[in-house]
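Written below as structure tokens is the structure these notes are about.
Residue numbers (the numbering used here), protein chains in the order written: chain H, 1 to 268; chain V, 269 to 382.
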């Protein structure tokens, strides 16, 4: 959605939008994103986070690619530098929240039942269970799924998509929507690369570039605590950037925001 | 299948617009869906049948227009069609492109009986 005027006319749909009316009924032009209600809630969440100077990062990946293990390894180092909380999304169980709390970090578990993704309303409810005054960094661990989470803005500032090397290096080519939405791509479980032999990190990165994305593609093994420095440096830079934005009263949204809408702002 | 969540949100929107215009009936719903929206038109259609059942828009026809995927090159300026996993410039081949259309998930218009 265009953030200036709220409409959704893009160069691609402009001529369709104002096509003449078919006979018989009155046609009303609406031009609203199908998830307008979710987007409004997401924007509310983001303004809430910005008001408290919190940076929110949405972690997306297939189940079992190492999101929680990555968070555990991240908390070990970053936990002493800034105040962190985690919102965990799963269909069932408190398992992941328990793992996070064991590190002395507040965690809110959202159990979605059968829903395959988090949405902005669920995250809003979870935010009310956290004291934002006491936070610098919020991780939202989305439901493990390479499809649905990409369509729902939660109010986060950045998207991170994980790809574990056991999944194959062609996943960005097979699931372009979620990898295009990533502000950073993490290739995880790289300690398994010698065993697998057929995962080429350069090929995975090339697939990400073909999505017209300049997102950094970082390699790490959270379990072996290997390669974490690049990820931690990215997080520290994002934290600093968020502090500067908040001081200037600016707001950043993740890449999931349609490019078409951004172009529309610049169109006559 | 997040298409069901999308349909539920769509139906709320449609009911709201219809109510605002004092419509007797919603005859047709026109959507525009791009290949990079993350929503499958065919799944959306099936989910709509489920989500609309028992609502005021149950009988409305769902018309989905699939939008083309187009990119504009940031290096040579050319505009070309692309595919969902190859957003490259068709003229010079670079990946430094911007999406012009193709990620829309849009309620374009409603046909209402007033």
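Note that CB positions come from ideal geometry on N, CA and C, so glycine has one too. Values in this document were obtained by computation on a predicted structure and should not be read as measured data.
- Counting C-beta pairs with one atom in each stretch, the segment 91–106 of chain H and the segment 51–65 of chain H have fewer than three that are closer than 8 angstroms, which means they do not touch.
- At a cut-off of 8 angstroms between beta carbons, residue 212/H contacts chain V.
- For residue 316/V, the CB contacts under 7 angstroms within the same chain, skipping 5 residues up- and downstream, are 275 and 330 in chain order.
- By the C-beta density criterion, residue 188/H is buried, having at least 16 other C-beta atoms within 10 angstroms.
- Considering only beta carbons, no part of the segment 94–112 of chain H lies closer than 8 angstroms to chain V.
- Shown here for residue 193/H: same chain residues with a beta carbon closer than 8 angstroms to its own, the five before and five after excluded, namely 165, 199 and 201 in chain order.
- When C-beta atoms of the segment 85–97 of chain H are compared with those of the segment 140–151 of chain H, three or more pairs fall below 8 angstroms, so the two segments count as touching.
- In the DSSP assignment, residue 202/H falls within the unbroken alpha helix (DSSP H) covering 201–209.
- Taking the beta carbon of residue 354/V as reference, the chain H residues within 7 angstroms of it are 210, listed in sequence order.
- For residue 60/H, the number of other beta carbons within 10 angstroms of its own is at least 16, and it is reported as buried.
- Non-local beta-carbon contacts of residue 42/H in its own chain, meaning distances under 7 angstroms to residues more than five positions away in sequence, involve 120, 153, 154 and 155 in chain order.
- A straight-line Cα-Cα distance of about 17 angstroms links residue 182/H and residue 241/H.
- The segment 35–50 of chain H makes contact with the segment 247–255 of chain H; the number of CB pairs closer than 8 angstroms reaches 3 or more.
- Distances from the alpha-carbon of residue 122/H to those of 39/H, 218/H, 209/H and 243/H put 39/H closest.
- For residue 125/H, the nearest beta carbon of chain V is not closer than 8 angstroms to its own beta carbon.
- A contact is defined here as three or more CB-CB pairs under 8 angstroms, and the segment 324–338 of chain V meets this definition with respect to the segment 286–294 of chain V.
- In this structure residue 213/H touches residue 180/H by the C-beta definition: roughly 6 angstroms separates them, less than 8 angstroms.
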